RNA sequence: GGGUUAGUAGCUCAGUUGGUUAGAGCGGAGCGCUCAUAACGCUUUGGUCGUGGGUUCAAGUCCUACCUAACCCA
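Residue numbers (this note's numbering): 645 to 1310.
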């Protein structure tokens, strides 16, 4: 309820993992929407506790730390510092951006574990785990590498092959080796782990889901209901690792809790560290709790976390609004630091101001499906909405007024009821969208408000009124425009806080940025104002091209036809119309190729389509295959096959001096 | 392999419980205005709604199979 000033709002943004650089996808995936929502709630006068932090535990941190020859804590701290910088750069208004490797967290997890144990929901079970003798440790799934039993990929993970996406048991993996030392001395050994008996509280959770899920976002509901159908599985909550929260149970001294057992509770321990009366949110059934996360995290927030909360019977506040975002792609592909594809948060603000990112990303938030970020679109949004509609409106109003009336607000005339009605309707739309956490819809309403100002100017033509001598009427129009500027500062603030502050200071006596319920006229006749610097600047086509070139350079990994020379021609043993060629493609490996063209001869320089090459005339890549009983590793191309002309019978003959091995470009 | 979600104008997306000529923004084209950051306003262009079946008086909207993409699970 927007009107309820005292209502407590708990807002959490999924804790980003400390392994790897953060990019625009992380920003729009949970940080930005949650921040806009938190700022909106505060502006409405709600009592907000808004936390996030770094998720520091888990095996990838151990593996990453070893690679960089650091302790897990130093490694984690390195990334935590990067997170903090990004939080500051993008004006994220967390009460605290904390971390999970803290004493508070450990104390909390220990208490919670004892509670679950008391409730009879913890059980000891023995399982077989891969053990690296040389590393003297058990290996988690990601720490075990080997050859995929299905496709032969050599860097397949312990439980799944990244290449063919097959999955299997760790025991099926061929040539298993440790990702840590590379040692192949791997054995399956029994180990004891503690299991959380989720199956015992399935009914309670299902009941809870029925009353809570209907308010969530669509993606979240679907995923949770999928789990409800399948039933809750008992899950192992301990791991044979040295990095994490140590298990406080006899016989488990060398183990830690599974990262997903402790991570969600990081919201609580960070709340405890935030210097607020945390329990008035977390133990308050009347509070409203909104969670923001990427779609890959839904299971943990809709199932894993609440089932623990419910199991404890300690009145924990469970999620009311679960907002799951889809993923952001970048110029047609995934973000990849190693391939230098994408904008990462350490350099984003050097490309454009935080507000530009905030607005443009929210405007194209991946709410219903994965969304592709492009600089062209980014520039369109910044140029049109921020620069053209908002920035330019403030500028034209201030300058026209200054020129004709000086630096004081002209007197108001009769209230323009049609304008007021229009504006109030849009405010209601915007407020409803934000309350429902529908961010694209919110931006649509927001830009609708910006549009009203410009339309009003064109309709009333205050410059023409001045020229015709009707200064009173011109002043009245401009007065309305200043009321709109004041409104724009308020409604824009959750989205673009820096610009909102600048707009706020157009008026020498800055007015507060509380959330408006209707079109209020707060600006008094004669109030002093200042003509501001331009609020935003354009991103022109040249800049878009430059940025695309720098950050979205497509690494073309496709296999292309190459220039190759026939070094040997043999007749096919069983087919008169075929020849078996030996072809030099410029590498040191001569290739055997079966060819049916009549014009083959030793010394011919032609075009080879290697295995994996996709010719313009074909849909599927050339495969390594057996032609009439003979292996063929590619194809010598005719002009027609390369999409050049009609000659499909003979293979292309190039000049004998053409350099072998080069990509055939034409 | 199983589950879920998505596939609608050049681009990004809306399309309520199936119901008259499928909507919006951007881009393109044209006009207007000149207060303003070559900005703003108005008009206009453009879609066999992934594919094939099916249900219905009526389907973008329901059912089914398939294709493509993503996520989760095995």
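All residues carry an ideal CB built from backbone N, CA and C; glycine is no exception.
These numbers come from a predicted model, not from an experiment.
Kindly give me the distance between the Cβ atoms of residue i and residue j, rounded to whole angstroms, as I take these residues to be in contact under 8 angstroms.
i	j	result
residue 1314	residue 1110	Outside the displayed span of the chain (645 to 1310) sits residue 1314, for which this structure offers no information.
residue 600	residue 888	In the structure as shown, the chain starts at 645 and stops at 1310, and residue 600 therefore has no counterpart that could be examined.
residue 1137	residue 1144	4 angstroms
residue 996	residue 946	That pair is no contact at about 35 angstroms.
residue 744	residue 784	Not a contact, Cβ separation roughly 18 angstroms.
residue 1228	residue 1211	5 angstroms
residue 934	residue 958	Wrong, their Cβ atoms sit about 21 angstroms apart, outside the cutoff.
residue 968	residue 861	5 angstroms
residue 1053	residue 1171	5 angstroms
residue 687	residue 1157	6 angstroms
residue 844	residue 770	Not really, about 20 angstroms apart at Cβ, beyond 8 angstroms.
Closest by CA to residue i, which one among the options?
i	options	result
residue 1128	768, 1140 and 1092	1092
residue 1186	1020, 849 and 680	1020
residue 669	1011, 842 and 1123	1011
residue 1086	1135, 1056 and 1124	1135
residue 1196	985, 1106, 835 and 742	985
residue 1070	1084, 1057 and 1089	1089
residue 1237	1015, 1213, 1243 and 1248	1213
residue 1083	674, 666 and 650	674
residue 1042	871, 1147, 758 and 983	1147
residue 696	724, 705 and 715	724
residue 722	664, 732, 837 and 1244	664
residue 1253	782, 1285 and 713	1285
residue 924	682, 1175, 883 and 692	692
residue 1178	1192, 1150 and 1190	1150
residue 1271	1240, 1290, 1307 and 1192	1240
Tell me whether residue i is buried or exposed, calling it buried when 16 or more other Cβ atoms sit within 10 Å of its Cβ.
i	result
residue 851	exposed
residue 877	exposed
residue 656	buried
residue 833	exposed
residue 1120	buried
residue 1199	Its pLDDT being 45, under 50, residue 1199 is placed unreliably in this model, and the coordinates cannot settle the point.
residue 858	exposed
residue 873	exposed
residue 1301	exposed
residue 815	exposed
residue 648	The pLDDT assigned to residue 648 is 45, lower than 50, so where the model puts this residue is not dependable; a value taken from the coordinates is nonetheless given after this. That one is exposed.
Roughly how many angstroms lie between the CA atoms of residue i and residue j, to the nearest whole one?
i	j	result
residue 765	residue 772	22 angstroms
residue 948	residue 824	29 angstroms
residue 1080	residue 1160	17 angstroms
residue 789	residue 774	11 angstroms
residue 912	residue 1002	27 angstroms
residue 678	residue 936	6 angstroms
residue 1201	residue 931	Because residue 1201 carries a pLDDT of 47, less than 50, the predicted location of this residue cannot be relied on, and no value is offered for it.
residue 1017	residue 1039	29 angstroms
residue 1224	residue 1216	6 angstroms
residue 962	residue 892	25 angstroms
residue 901	residue 740	24 angstroms
residue 1250	residue 800	38 angstroms
residue 1226	residue 1235	5 angstroms
residue 1007	residue 1025	8 angstroms
residue 1295	residue 1280	6 angstroms
residue 701	residue 856	29 angstroms
residue 1096	residue 1106	15 angstroms
residue 1174	residue 1152	7 angstroms
residue 704	residue 904	13 angstroms
residue 973	residue 681	23 angstroms
Is the separation between the beta-carbon of residue i and that of residue j shorter than 7 angstroms?
i	j	result
residue 999	residue 970	no
residue 944	residue 881	no
residue 676	residue 1005	yes
residue 738	residue 694	yes
residue 942	residue 992	no
residue 915	residue 830	no
residue 917	residue 748	yes
residue 1130	residue 1183	no
residue 1033	residue 1100	no
residue 684	residue 954	no
residue 1304	residue 1209	yes
residue 822	residue 779	yes
residue 754	residue 988	no
residue 849	residue 951	yes
residue 1297	residue 1248	yes
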